[in-house]
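**Student:** First residue of the sequence shown: 4, per the working numbering; consecutive thereafter. A virtual CB, placed ideally from N, CA and C, is assigned to each residue, including glycine. The structure displayed is predicted, hence computed values, not measured ones.
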Amino acid sequence: MLFGATGFTGGLTAEYLAAHAPETTRWALAGRNREKLEGVRSRLATTNPRCAELPLLQAHTGDAAAIRDLADSTRVVISTAGPYILHGEPLVAACAASGTDYVDLTGEPEFVDLMWLRYHAQAERSGARIVHSCGFDSIPYDLGALFTVEQLPEGVPIALEGFVSARGTFSGGTFHSALEIMGRLRQAQRVAAQRREIEPRPKGRRVRGIRGKPHEQSDAGGWVVPFPTIDAQNVLRSARALDRYGPDFSYSHYLVAGPLPVMAGIIAAGAGFVALAQLAPARDLLGRLKDPGEGPSPEQRAKGWFRVRMVARADGTRLVTEISGGDPGYGETSKMLAESALCLAHDELPERAGQLTPAVAMGDALLARLRNAGIEFKVVE
Ligand SMILES: NC(=O)c1ccc[n+]([C@@H]2O[C@H](COP(=O)([O-])OP(=O)(O)OC[C@H]3O[C@@H](n4cnc5c(N)ncnc54)[C@H](OP(=O)(O)O)[C@@H]3O)[C@@H](O)[C@H]2O)c1
């Protein structure tokens, strides 16, 4: 069941499922507005006539009973209704209670930590797999790290660095979610600290995030700057859960800026955005720049691309891998999200439950699906 099908990324995810879900997959469109859902279904039916029969399920996130009915009626929920800190919790709660698998696109650390604190234990008991960040946040890094580790010998210390280059435009939903993240940094730190206090650590193994510094990295494409997104957290969570990452694993995450002046511009713009987002009136003004529901045109998306270089040092050897694809934020994101849901619905996967990263929940099965769907994972040196 695709919840949020009327939004920008939800619509693209629906189109992907309409074109690629096996005929045996039974799926439905869900959201809060029936008329808009009918519009999405009619649009899908123009390219795939079978979609004219798709069930439509209507529920508002404020109606806990209706949301629980949605979760009870399916095996896998896909949620694209963000910002997740505002709209996401009821569906996670319902899936954890009913043992229904769940995937979303969140890049909001506070939401992920809060959902772990509130529902991880319940999901472990019910058997639900709650898998956040199944889009460009954080699949290329999380599965890219898994792919890289799998090329290295077992049982050795691994130091991994990820370097992200991308071109793309963002949607209103992403912009508003970013504003929420920046405006709630203190709350996010508080919730992260609560999680750190009680979450078990791996025994006899060390897993560390290394913040890194801006520096020149010619084989990644120029100057790079530490990139404080949720991605490193997801890579490190996978490393803590899977022994295959070895006895001593570290990860640093960077954005490739290119020339030095561009890097200086990125740092200044990022700092300015964070500072403005702390002030409610400035946040309201920024929020008016882009409306929820709008997003880049097909022509803009066609020009999008991403490339992630991963550099590993292990046992005296150096290995470089690359993960690449088209439009990161929307074309490839809707593919990654839909394939994650199909993977949970159809593939043989490790027996695990609770809040899991994509690599831990789906690992090699999802890697194979994404490669089949045109996202490249390769060893370059
Ligand atoms: N890098 C990534 O991994 C990545 C990429 C893309 C998107 N995202 C995230 O995905 C989320 C969606 O982005 P988007 O651009 O698709 O946003 P959007 O176009 O604004 O869509 C939001 C969806 O949520 C629904 N919704 C909002 N409030 C709701 C409520 N109270 N009850 C039920 N439904 C509700 C909207 O329904 P209506 O149509 O009825 O308003 C719409 O379907 C954002 O959080 C964004 O950050 C992440």
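Per DSSP, what kind of secondary structure is S174 in: helix, strand or coil?
**Tutor:** Coil at S174, not helix or strand.
**Student:** DSSP state of S327, grouped into three classes?
**Tutor:** S327 falls in the strand class under three-state DSSP.
**Student:** Exposed or buried, what is N237 when buried is set at 16 or more other beta-carbons lying within 10 Å of its beta-carbon?
**Tutor:** Result: buried.
**Student:** Thinking just about the alpha-carbon of each residue, which of H218, L288, L15 is nearest to the one in L47?
**Tutor:** Of the listed residues, the one whose Cα sits closest to L47 is L15.
**Student:** Name the DSSP beta bridge partners of I81, please?
**Tutor:** In DSSP, I81 forms a bridge with L5, V106.
**Student:** Let me make sure I understand the geometry here. Which of L120, L146, A162 has the alpha-carbon closest to that of F252?
**Tutor:** The shortest C-alpha separation from F252 is found at A162.
**Student:** Measuring CB atoms only, is the segment 217 to 228 touching the segment 186 to 201, in the sense that at least three cross pairs come out at less than 8 Å?
**Tutor:** Counting Cβ pairs under 8 Å, fewer than three are found: no touch.
**Student:** May I ask whether a heavy atom of ligand 1 can be found less than 8 Å away from the beta carbon of H63?
**Tutor:** It does: the Cβ of H63 is within 8 Å (strictly closer) of some heavy atom of ligand 1.
**Student:** Grouping DSSP H, G and I as helix and E and B as strand, with all else coil, what is P112?
**Tutor:** Reduced to three states, the DSSP call for P112 is helix.
**Student:** Less than 8 Å between the CB atoms is what I'm expecting for A356 and E127, so what's the real figure, rounded?
**Tutor:** The pair is a contact, with the Cβ atoms about 5 Å apart (cut-off 8 Å).
**Student:** Candidates D246, R204, E164: which alpha carbon is nearest K216's?
**Tutor:** Here the closest residue by C-alpha is E164.
**Student:** Per DSSP, which one or two residues make a beta bridge with M461?
**Tutor:** Coverage of the chain is limited to positions 4 through 384, which leaves residue 461 absent and any answer about it impossible.
**Student:** How long is the line joining the alpha carbons of S45 and C54, rounded to whole angstroms?
**Tutor:** Cα to Cα, S45 sits roughly 8 Å from C54.
**Student:** Near V314, which residues of its chain fall below 6 Å by C-beta distance, leaving aside the five closest residues on each side in sequence?
**Tutor:** If we look at V314 and ignore the five residues flanking it on each side, its Cβ neighbours are E164, V323.
**Student:** Thinking C-beta only, is D318 closer than 9 Å to P160?
**Tutor:** Contact: yes.
**Student:** At a cut-off of 8 Å, would you count H179 as near ligand 1, judging by its Cβ distance to the nearest heavy atom?
**Tutor:** Yes, Cβ of H179 sits closer than 8 Å to a heavy atom of ligand 1.
**Student:** Determine the extent of the beta strand (DSSP E) in which R211 is found, giving its start and end residues.
**Tutor:** From DSSP, the beta strand (DSSP E) with R211 extends over 209 to 212.
**Student:** What residue range does the beta strand (DSSP E) around Y254 cover?
**Tutor:** Y254 -> beta strand (DSSP E) spans 251 to 261.
**Student:** Which same chain residues, not among the five before or five after A364, have their C-beta less than 6 Å away from its C-beta?
**Tutor:** If we look at A364 and ignore the five residues flanking it on each side, its Cβ neighbours are R132, V134.
**Student:** Measuring straight from C-alpha to C-alpha, what distance separates V106 and S82?
**Tutor:** Each residue's Cα considered, the two are about 6 Å apart.
**Student:** Does the structure place the segment 330 to 341 close enough to the segment 139 to 147 that three or more beta carbon pairs sit under 8 Å?
**Tutor:** A contact exists between the segment 139 to 147 and the segment 330 to 341.
**Student:** State the beta-bridge partners of P229 as determined by DSSP.
**Tutor:** Answer is Y257, bridged to P229.
**Student:** Report the rounded CA-to-CA distance for T77 versus E183, giving the unit in angstroms.
**Tutor:** Taking the straight line from one Cα to the other gives about 30 Å.
**Student:** Taking a contact to mean a Cβ-Cβ separation below 9 Å, would you say P229 touches Y254 in this structure?
**Tutor:** Cβ distance not < 9 Å, so P229 and Y254 don't count as in contact.
**Student:** Can you name the residues that DSSP bridges to L57?
**Tutor:** According to DSSP, which records beta bridges pairwise, L57 is partnered with nothing at all.
**Student:** In three-state terms, what does DSSP make of H218?
**Tutor:** Strand, per DSSP.
**Student:** S174 and E111 - do their beta-carbons sit closer together than 9 Å?
**Tutor:** No. Outside cutoff.
**Student:** Between the C-alpha atoms of R214 and A235, what's the straight-line distance to the nearest angstrom?
**Tutor:** Straight-line Cα distance between these residues: approximately 10 Å.
**Student:** Would you identify the three-state DSSP class for G357, choosing helix, strand or coil?
**Tutor:** Here G357 sits in strand by DSSP.
**Student:** In chain order, what residues of the same chain lie with their CB nearer than 7 Å to the CB of A24, ignoring the 5 residues before and after it?
**Tutor:** Correct list, in chain order: W30, L345.
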